[in-house]
Amino acid sequence: MDQLQSLRGMVDLLPDQTNRWQAVEAEARNHFLKARVLEIRTPLLEATDLFARGIGENTDVVGKEMYTFLDRGQRSCTLRPEGTASVVRAAIQKGMLTNGKHRLWYNGPMFRYERPQAGRQRQFHQLGVEFFGWSSSLVDAEAIALAWSLLKTLGINKLVLQINTLGDSTDREKYRSTLINWLEKNFENLDKDSQKRLHTNPLRILDTKIPATQELLKEAPKLLDSISESSQSRFKDVQDALAALMIPFSINPNLVRGLDYYGHTAFEIISTQLGAQSTLCGGGRYDGLVEKLGGPSTPAIGWAIGMERLMLVLAAEANANPIGKAASLITEKKPDIYLINQGELAEKISLKIAVNLRQEGLVVDLDSSGGSFAKQFKRADRSHASWALIIGDDEAIKGKGRLKNLRGHSAQKSQSPIEKIVSLDNYISIVDQVRN
Ligand code: HAM
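Counting the sequence shown from 1 gives a position; the working numbering is that position plus 5.
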């Protein structure tokens, strides 16, 4: 029979990876806790209309990339391609937005039918935040700082923060017609994709990856020149706030983002350690979205980090600096003690000891192979446990075991390792020795 395979772009995370993910997720949770950002979990499946209305019919995400199907009740459903629309839907539905301001975070799988490559999958994970209720430019800086400082806490260097302003809706409407005018005059020199986008989503042409179009666009009218004085001054305030926080940034006038809901601040954090898919974090302000989805007018800003890209960057960072924070985060946690045992009675006692030592808080690796002492010792060494407790049937009958310090053993091969006889029913004494 044919072996079943996962679908293209859908990736398994095996234990050596989930260990690393958990370490990063724990850092992120702690980071959010300190900023009083609270977690929200929303369903993976939503009504298709949420994304069509929220993200925009003419975006690539909605037009080409959604996993959409009819359920058994003939309702059109979509696996969420991003988190923002779902969080806005939940916040409106649960009446959260008539009830104060909120700082929220989420982490989970998203689905986009894209061409898979390094850093791009069809099921991927986003760690994101959404702030509801604040319109101040200082909150834009706070949201950006939250992403920036999280990445720094994780030990990531070589990051570039790019920011732009998309102005308000009047600014964008004005710019849209100016840009269309210019693009029509240069139609013949545009690539095919940009020609198609001209009347559906002309602003997206600005962040084309096609070098010839990029070159041509250097001559195009700039969004920054079309935006009102108040939008300009708001953008200046965001820049001043970032400068005051000592967060380095550059202005990228072509940064428009791929989703339609943004206005004013848009930003991306790019890692020079990623290849073509170099955007680690993307976000911006979306003051109109809540109202558009049927909620009360609510200013909002947020961002999302791609977890797979984050893990790629961490691995590169750990490689470059094996004693740095990134390396320590993704290094597998070692057991405190490895239980080597042989013989029927020894096996029974070892299981009991393992359960009790775990109860006392130790990380215990129990060898349940029944194999030779030599093989179990090899495995203990490979596990990088600090200690081994060796129990044979003779020792088990006497209620004694040998506690051996493996770190001393491997660090100073010439010296005989520290070894002590311990009483097997005195768990606390074993714990004390392992901890000291
Ligand atoms: P986005 O730029 O579409 O924004 O995605 C954010 C991040 O998700 C990207 O920078 C990237 O790291 C990761 N990502 C996106 N697509 C893929 C993929 N196919 N494979 C792997 N990683 C991917 C949003 O989704 C917005 N909802 C962000 C936001 C939150 N804006 C405001 N609030």
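Yeah, the Cβ is synthetic: ideal placement off N, Cα and C, and Gly gets one too.
Test item: CB-CB of residue 300 and residue 270 under 8 Å
It is not a contact, given that the beta carbons lie outside the stated cut-off.
Identify every residue that forms a DSSP beta bridge with residue 192.
Residue 192 is not bridged to any residue.
Assigned secondary structure, residue 431 (DSSP; H/G/I helix, E/B strand, else coil):
coil
According to DSSP, is residue 166 helix, strand or coil?
strand
Nearest chain B C-beta to residue 439 closer than 8 Å, yes or no?
Considering every chain present, this structure includes no chain B. It has just one protein chain.
Which of helix, strand or coil DSSP assigns to residue 415
For residue 415, the pLDDT reaches just 45, beneath the cut-off of 50, and the residue's location in the model is therefore unreliable, leaving the point undetermined.
Taking the CB atoms as reference points, tell me whether residue 165 and residue 255 lie closer together than 8 Å.
yes
Beta-carbon proximity of residue 390 to residue 354, cut-off 8 Å:
no
Can you round the beta-carbon distance between residue 109 and residue 45 to whole angstroms, since I take them to be within the 8 Å contact cut?
5 Å
For residue 162, which option in 129, 326 and 95 has the closest C-alpha, if you only look at C-alpha atoms?
326
Over what stretch of residues does the alpha helix (DSSP H) that includes residue 407 continue unbroken?
Not the alpha helix (DSSP H): residue 407 falls in the beta strand (DSSP E), residues 405-410.
For residue 370, which residues does DSSP report across the bridge?
343
Using a 10 Å radius around the Cβ and a threshold of 16 neighbouring Cβ atoms, would you call residue 12 buried or exposed?
exposed
When you compare only the Cα positions, how much space is there between residue 367 and residue 251?
42 Å
Are there any heavy atoms of the ligand HAM lying less than 7 Å away from the beta-carbon of residue 119, as far as the coordinates show?
yes
If you draw a straight line from the C-alpha of residue 119 to the C-alpha of residue 224, how long is it?
Cα-Cα distance, rounded: 31 Å.
Please tell me whether, using a cut-off of 7 Å, the distance from the CB of residue 85 to the nearest non-hydrogen atom of the ligand HAM is below it.
It does not: the Cβ of residue 85 is nowhere closer than 7 Å to a heavy atom of the ligand HAM.
Comparing alpha-carbon positions, which option in 7, 20 and 24 lies nearest residue 333?
24
Near residue 275, which residues of its chain fall below 6 Å by C-beta distance, leaving aside the five closest residues on each side in sequence?
Beyond the five residues adjoining it in sequence on each side, residue 275 comes within less than 6 Å, by CB distance, of 165, 283 and 284 in the same chain, given in chain order.
Could you tell me whether any non-hydrogen atom of the ligand HAM is closer than 7 Å to the CB of residue 280?
No, the beta carbon of residue 280 sits no closer than 7 Å to any heavy atom of the ligand HAM.
Could you compute how far the alpha carbon of residue 330 sits from the alpha carbon of residue 405?
40 Å
Around the Cβ of residue 86, are there at least 16 other Cβ atoms within 10 angstroms (buried) or fewer (exposed)?
With 16 or more Cβ atoms within 10 Å of its Cβ, residue 86 is classed as buried.
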